[in-house]
Amino acid sequence: MVASMKLRRFWEKVSVEPSENGYQILLDKHPVRLPQKTVLQVSSFNLAQHLAKEWEKAGGKKGGEFSYEALPLTRIAGTMLERIGSRPEIIIDQLVPYVNGELLCYRADFPAHLVEKQKEEWSPWVSWCNDFLGVNLKIQDGVIPINQSPETIKAFRNYLEKCCSGELAAFAVAVPALGSIVLSIALKENKLDAEKAFEIATLDERVQAETWGQDAEHQRHLNLLKQDVIDAALFLSLL
53 MVASMKLRRF WEKVSVEPSE NGYQILLDKH PVRLPQKTVL QVSSFNLAQH
103 LAKEWEKAGG KKGGEFSYEA LPLTRIAGTM LERIGSRPEI IIDQLVPYVN
153 GELLCYRADF PAHLVEKQKE EWSPWVSWCN DFLGVNLKIQ DGVIPINQSP
203 ETIKAFRNYL EKCCSGELAA FAVAVPALGS IVLSIALKEN KLDAEKAFEI
253 ATLDERVQAE TWGQDAEHQR HLNLLKQDVI DAALFLSLL
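If you want this note's numbering, it's the 1-based position in the sequence shown plus 52.
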C-alpha cells in the first residue's frame, strides 16, 4: 500500500461480522477491500476488532481525509493477505539476508563505553538466539560484511518457514525497523516487548545522543521506526 495516498471517508458505521474465513470489517455493511480488491478478513476476532477501531478513527467523520499511515494494522494485514498469501517464500527471501546483516553481530571497537554497552546489552540476545535456534552467530568489530555459516542461514530459514503468514507480515515490519532478525524473533517468542526491543536496537543512537545531543529530525525518524515495532508486536499478539 502507498502510505501517503490520501483517501476520503465515505462511511459512518464500522462493524465486525463473521465470514466464511473468519471475520470481516464492514463499512456501512460494505466489506473493506484492500488495494488488490481482496476482502479484509482475518481469523482472529481480537485482531478484527482492532482493525475495525482503525477504520472507526480514520478521517474522523464522513468526508474526512486520511491516509494508510492511519491504518498500520490494516497495512500489515494487507501484506499478509495480498503479498504473502500462499507464497510465503517471497517474504522469507527478503528476511533471510538480515541474518548476515544482523545488527547485534557488528560491534564497535571504540569508544570503550560503547564497546562495553554493546557487550552488556547485545551479547545476551546473541547467546539466547544461539541456544534457541542451535546456531553459532559470528560477531566481529567494524562494518566489514559477515558471512554467517550455511548451517546458521538454514536454521533461520527453517524457523521462518514454520511461521504463519501473519507472523511473516509482522516480521516484514519489525525486522527492518529494528535492523535485527534476532530481536524480532525474541519479540515474537515473548522474550522482549516492543519498547525494550527498540531500546536495545538503538543503543548506538542512545550513546551518540548522550555524547553529542539529540538531532530533532533523526529523533522523528526513530519515533516512526519505534511505532512500526509497536504495531508489529501488537499484530503478533492479536493473531
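Glycine included, each C-beta is placed from N, C-alpha and C at the ideal position.
Predicted model, so just to flag it, every value in this text is computed and none were measured.
Secondary structure at Ile77: strand, using DSSP grouped into helix, strand and coil.
Here Ala284 has Ala222, Val225 and Ala226 as same chain residues with Cβ atoms under 6 Å from its own Cβ, once five neighbours each way along the sequence are excluded. The shortest CA-to-CA distance from Gly112 to any of Trp174, Gln200 and Lys65 is the one to Lys65. Counting along the chain, no beta strand (DSSP E) covers Val195, and no H or E run does either. Bounds of any alpha helix (DSSP H) do not take in Glu134, whose DSSP letter is neither H nor E. Using a Cβ distance threshold of 7 Å, Ala110 and Tyr75 do not count as a contacting pair. Under the three-state reduction of DSSP, Pro87 is assigned to coil, being neither helix nor strand. Comparing alpha-carbon positions, the option among Leu156, Ile142 and Lys89 lying closest to Asn182 turns out to be Leu156. Counting C-beta atoms within 10 angstroms of its own C-beta, Ser179 has fewer than 16 neighbours from the protein chains shown and is therefore classed as exposed. Ala246 sits close to Val281, with the two beta carbons spaced by under 7 Å. For Trp107, the number of other beta carbons within 10 angstroms of its own is at least 16, and it is reported as buried. Shown here, Ser71 sits in a strand according to DSSP, grouped into three states.
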